[in-house]
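> Sharing a structure below in structure tokens format, with a few things to ask.
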Amino acid sequence: MNLSKILKNAFLIILASLVLTACATKKTSTIGQLQGDVYTGSDSIEYLASGVPDRVFFATNETVLTTASRETLRKQAAWLRKNSNIKVVLEGHADERGTREYNLALGERRANSAKDYLMTYGISSDRISVLSYGKERPVDSGSSPLAWSKNRRSVTVKAN
Amino acid sequence: MNRNIFISFGLHIFLVIITAMSLPFLAKKPIDLPPIISVELIQITDKTNIPFAPKAKKIIEKVKKKEKKLVSEQAPPKKIKKQKPDAVPLPDEKIEKIKKIKDEKQNPEKEETEIKQISEFEKKELFDTNSIAALIDKSKTESAETNKKSDKVTQDQDKEMDFTGLTLSEEDALKAQIFGCWSIPLGLPFNEDLLVRIKLQLKPDGSIIKTEILDHARMNRPGQGFYKVLAESALRAIKLCQPLRVPSTGYERWKDMQLNFDAREMLEG
Amino acid sequence: MLLRYLFILLVIIPTKAFALIEVDITRGNLNPLPVAVSPLSIDNKSKENFKKVLKQEDLGLEISTIVENNLRQSGLFNPLNKDAFLQEPDVANLKPRFEDWNLIKAQALVTGKVTFVDEKLRVEFRLWDVLAGKEMMALAFTTVPSNWRRVGHIITDKVYERLTGEKGYFDTRIIYIAEEGPKTNRIKKLAIMDQDGFNNKYLTLGNELVLTPRFSPTNQMVTYLSYFRNLPRVYLLDIETGMQEVVGDFPGMTFAPRFSPDGKKIIMSFAKDGNSDIYTMDLENRIVERITNHPSIDTSPSYSPDGKRITFNSDRSGYQQIYVMDSNGKNVKRISFGNGLYGTPVWSPRGDLIAFTKLHKGKFYIGVMRTDGTGERLLTENFYQEAPSWSPNGRVLIFYRETKTNSKGEGFSAKLWSIDLTGYNEKMVETETDASDPSWSSLLSN
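Residue numbers (the working numbering), protein chains in the order written: chain A, 357 to 516; chain B, 330 to 598; chain C, 7 to 452.
Have a look at this one:
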């Protein structure tokens, strides 16, 4: 092969590589309601009181609290300290992409994560009980990652 | 999100067009034609009917008897597991290796006897398959399989060259017929010894005078209920296939025949 | 050396003129065995009596239809069309003319007779080898007329066992969760039916959530999870009397219950403070024993048929995997090592395999592996399926599948499916409503 041919091919290869790199998509979704794998939107959220969201969300198979979750729980703890006669039930849930029995255990663990955090803010454990629904009570019946993320939650419910 | 897909798609199409257009830039090499070798086609039947000197025949029979013993002893220990083609084959390597090692342990004996034959009377075919098997040591699997194949081939070739057996084509015809008649019970356990041997006495037209199940006692042994089922299915196959596809000549050599039904190959998946 | 031996053999052993020809038959066809099931013969008086008592026009025909359907569903048999039968039932039962049955290519023949005697149902049946022209089996038994469907199932079990060498699984029941309603608020009831879908009965009303029922080996009792009064706990239900009771007195959620093989214990998970461990309770003396003690989630326990070991699901390695341990909790060993998550392990009644659910790259699989974890085989793949349960002969798995919903959340359905251990004969099990969480009973006639 002569020089001009080599140059031509090299030019084409470089051009092709540039074209390909231009097509790379971002890993994190740009839907705007999912961060990492955790729901960050405001759909389905109810309020215990003004400014106090009733639920926190989790990543797939995870039971750790995100920063946003901890903020929500601090608000809940403050509200509970103000209303010291109120008892709550923390209901833990999982999405449908798992086996039924393991999801029951996962829901319980999620609700307990939230309970432990509330207790570190001075709420006594006999005011908080835990109940897991596994994947039995989804809030969104869709079969998409967004729907699933809304279902991975722990919801604080007034018990009296 | 959709916009990004369209942009990416468009750019990829552009890329494809460039690649297609760049092909003519590459120099075309002339195609080299290899020299034509003439090949002679031989009919298998012609070859397999070549008789041997009487001395050779006797020794071959002795060796055959020995080999038969080896074959039947070999059958039980093999633990072949079932595998569907689209299954995920995971920690199978361990089992395969053990299996292949077993094969190899039992095969070297055979190779010795075959090589003995070679020195007596030039059986080039036998020698070739064995040496190839010995040389090809790429993977244990391959060598074990070629050993298995060469064993089968040697047995069949023994029979043919022995002038008292069926030719390869006669045997194939009979096998094909019985394959069609044998309904293998799907309920058989695939990890057990599934070999049932049936001796037949035949009339010249291929119909059956008498059948005898070897290992008859096994049919009633506890825990071997499936063997009875297997044996019965083999008997049904034979009855269904009457008259058997037997050779038109040489009644004396095939009037007593033994069919070895082995369901394992079919059931292991 | 070898030559010497050959020489000796030559001299000592006389040679035969012709050696015995051996032909290896290593292939056949895997077609279902063609079998003819003749309607059971029935005399007119019995026919009238059964019609009065059971409201069935021709009980002999009905029972033979049950046998026919069972054999066909098993995937191993091909029952031939009755219209082609040449011999009448009563004649065939005494002495079949095998040429007639051979003509329609039947290899086996079932004939029989049913009579109404002393207010009871008496049945006798025979299994014939058509090609050999011989009787293979003959049995007779008596029962109450209301058991007439079970008669068909029992005949099938006997015929199946005689022709395949394996015990049958037709005289069995399946307990499951019948479900209805929108996905966000499903109404679930405990339901039980014959293995062929008949005699469906609901055991709870649907007022509280019920999940994961399991049969006791004695078949009289059932254990399941109920959210009665919003407290999820394991319950015991007597099918005959309808009596229910909570199992134990646990201060937290108990779930995933099963029976021990002798029916004397319940094994389950107990969740407290974010941790789920496995416990047993003896049903007689009510003694509770803790089996696992680990900060991970331990659930879905299943006993080996000899009761000596337990397989269970744990995420102690970080993700859901399958483990095996002694029944006292010692010697915990992980046995699942493939890519993906593993759950719902169930030990086969034959003791040789463990069935499981696997989730990998967004797909669900039902599979089996040996009890040491080797030989993993995936039998079927789907968008969502889980919870296999073994037939009592360890040959067939029943499980359930759910469908994907569209963007509006519509199109959801849950159904029971079954598949043979060889991967063949995958089919849906018909139920009146949607269904999930199936569990197979042991043979009723034991």
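For every residue, glycine included, the Cβ atom is placed at its ideal position computed from N, Cα and C.
Please read all numbers here as calculations on a predicted model, not as lab measurements.
Are the CB atoms of residue 219 (chain C) and residue 240 (chain C) within a distance shorter than 8 Å?
No; because the gap between Cβ atoms is not below 8 Å, this pair is not in contact.
> Write down the C-beta distance between residue 600 (chain B) and residue 531 (chain B) rounded to the nearest angstrom, noting that I regard them as a contact closer than 8 Å.
Examination of residue 600 (chain B) is not possible in this model, given that chain B is present from 330 through 598 alone.
> Please identify, using Cβ separations under 7 Å, the residues of the segment 274 to 306 of chain C that lie next to chain A, in order along the chain.
Those would be 275, 277, 279, 280, 282, 303, 305 and 306, in chain order.
> I want to verify the contact list: residues of chain A whose CB lies under 9 Å from the CB of residue 347 (chain B), in sequence order.
The contacting residues are 368, 371, 372 and 375.
> Quick one: give me the first and last residue of the alpha helix (DSSP H) that residue 65 (chain C) is part of.
From DSSP, the alpha helix (DSSP H) with residue 65 (chain C) extends over 65 to 79.
> Please go through the same chain and pick out, in chain order, the residues whose beta-carbon is closer than 7 Å to the beta-carbon of residue 418 (chain A), but skip the five residues on each side of it.
Closer than 7 Å at Cβ, skipping near neighbours: no residue.
> Are any of the Cβ atoms in chain C nearer than 8 Å to that of residue 517 (chain A)?
Residue 517 (chain A) cannot be examined here, being either before or after the span of chain A that is shown, 357 to 516.
> Identify the contact partners of residue 473 (chain A) in chain C, using a Cβ-Cβ distance below 7 Å as the criterion.
Those within 7 Å of residue 473 (chain A) in chain C number zero; the least Cβ separation is about 12 Å.
> At a Cβ cut of 9 Å, what residues of the segment 238 to 262 of chain C count as close to chain A, listed as they run along the chain?
Hits within the stretch, in order: 238, 258, 259, 261 and 262.
> Ignore the nearest five residues each way along the sequence and tell me which others in residue 157 (chain C)'s own chain have a CB closer than 6 Å to its CB.
So the qualifying residues of the chain are 69 and 129.
> Which runs of the alpha helix (DSSP H) fall wholly inside the segment 367 to 454 of chain A and span at least 4 residues, in chain order?
Runs found: 423 to 438.
> Check the Cβ of residue 574 (chain B) against every Cβ in chain C and list those closer than 7 Å, keeping chain order.
Under the 7 Å cutoff, chain C gives no residues; its nearest Cβ is about 11 Å from residue 574 (chain B).
> Is it buried or exposed, residue 350 (chain B), if we count other Cβ atoms within 10 angstroms and call 16 or more buried?
Exposed: under 16 other Cβ atoms inside 10 Å.
> Tell me, please, whether the CB atom of residue 535 (chain B) is closer than 8 Å to any CB atom in chain C?
For residue 535 (chain B), the answer is no, since every Cβ of chain C falls outside 8 Å of its Cβ.
> To the nearest angstrom, how far is the alpha carbon of residue 290 (chain C) from that of residue 252 (chain C)?
Their backbone Cα atoms lie some 14 Å apart in a straight line.
> Between residue 418 (chain C) and chain A, is any beta-carbon pair separated by less than 8 Å?
By this cut-off, residue 418 (chain C) is an interface position.
> Could you give the residue range of the alpha helix (DSSP H) that holds residue 454 (chain C)?
Residue coverage of chain C in this structure runs from 7 to 452, which leaves residue 454 (chain C) outside it and unanswerable.
> Do residue 317 (chain C) and residue 303 (chain C) have their beta-carbon atoms positioned less than 8 Å apart in this structure?
Cβ atoms of residue 303 (chain C) and residue 317 (chain C): not closer than 8 Å.
> Are the C-beta atoms of residue 449 (chain C) and some chain B residue less than 8 Å apart?
With 8 Å as the cut-off, residue 449 (chain C) does not count as an interface residue toward chain B.
> Identify every run of the beta strand (DSSP E) within the segment 313 to 385 of chain C, keeping only runs that are complete inside it and at least 3 residues long; order them along the chain.
Qualifying beta strand (DSSP E) stretches, in chain order: 315 to 320, 327 to 332, 347 to 353, 359 to 366 and 369 to 376.
> Enumerate in chain order the residues of its own chain whose CB-to-CB distance from residue 381 (chain C) is below 7 Å, with the five nearest sequence positions on each side excluded.
375, listed in sequence order.
> List, in order along the chain, the chain B residues whose C-beta lies closer than 7 Å to that of residue 32 (chain C)?
Result: 591 and 594.
> Hey, residue 448 (chain C) and residue 307 (chain C): beta-carbon distance below 8 Å or not?
Contact: no.
> So residue 226 (chain C) packs on residue 200 (chain C), CB below 8 Å; how close in whole Å?
Between residue 200 (chain C) and residue 226 (chain C) the Cβ distance is about 16 Å, and since that is not below 8 Å, they are no contact.
> With a threshold of 8 Å between beta carbons, is residue 344 (chain B) in contact with chain A?
It does; some Cβ of chain A falls within 8 Å.
> Where do the ends of the alpha helix (DSSP H) carrying residue 459 (chain A) lie?
First-last of the alpha helix (DSSP H) with residue 459 (chain A): 456 to 476.
> Would residue 436 (chain A) count as contacting chain C if we go by Cβ distances under 8 Å?
By this cut-off, residue 436 (chain A) is not an interface position.
> When the cut-off is 8 Å and only beta carbons count, does residue 493 (chain A) lie next to chain C?
It does: the Cβ of residue 493 (chain A) has a partner Cβ on chain C nearer than 8 Å.
> List the whole-angstrom C-beta distance separating residue 542 (chain B) from residue 529 (chain B), where the pair is believed to meet the contact cut-off of C-beta under 8 Å.
Not quite, the Cβ-Cβ distance comes to about 11 Å (not below 8 Å), so this is no contact.
> Determine the closest residue to residue 443 (chain A) out of A:516, A:363, A:360 and A:358, with distance taken between C-alpha atoms.
Selected option, being the one with the closest Cα: A:516.
> If contact means a Cβ-Cβ distance below 9 Å, which residues of the segment 409 to 425 of chain A contact chain C?
Within the segment 409 to 425 of chain A, the residues whose Cβ lies closer than 9 Å to some Cβ of chain C are 417 and 419, listed in chain order.
> Leaving aside the five residues before and after residue 443 (chain C) along the sequence, list all residues of the same chain whose C-beta is less than 8 Å from its C-beta, in chain order.
Once the five neighbours on either side are set aside, the close Cβ partners of residue 443 (chain C) are 182, 183, 217, 218, 219, 393 and 406.
> Can you name the start and end residues of the beta strand (DSSP E) that residue 593 (chain B) belongs to?
Per DSSP, residue 593 (chain B) belongs to no beta strand (DSSP E); it is in the alpha helix (DSSP H), 593 to 596.
> Buried or exposed for residue 150 (chain C), please, with buried defined as at least 16 other CB atoms from any protein chain shown within 10 angstroms of its CB.
It is exposed - the Cβ of residue 150 (chain C) has fewer than 16 other Cβ atoms within 10 Å.
> As a quick exercise: from C:208, C:364, C:44 and C:52, pick the residue whose alpha carbon is nearest that of residue 99 (chain C).
Cα-wise, what sits closest to residue 99 (chain C) is C:44.
> Strictly below 7 Å CB to CB, what residues from chain B border residue 133 (chain C)?
Result: empty, since nearest Cβ-Cβ is about 11 Å, beyond 7 Å.
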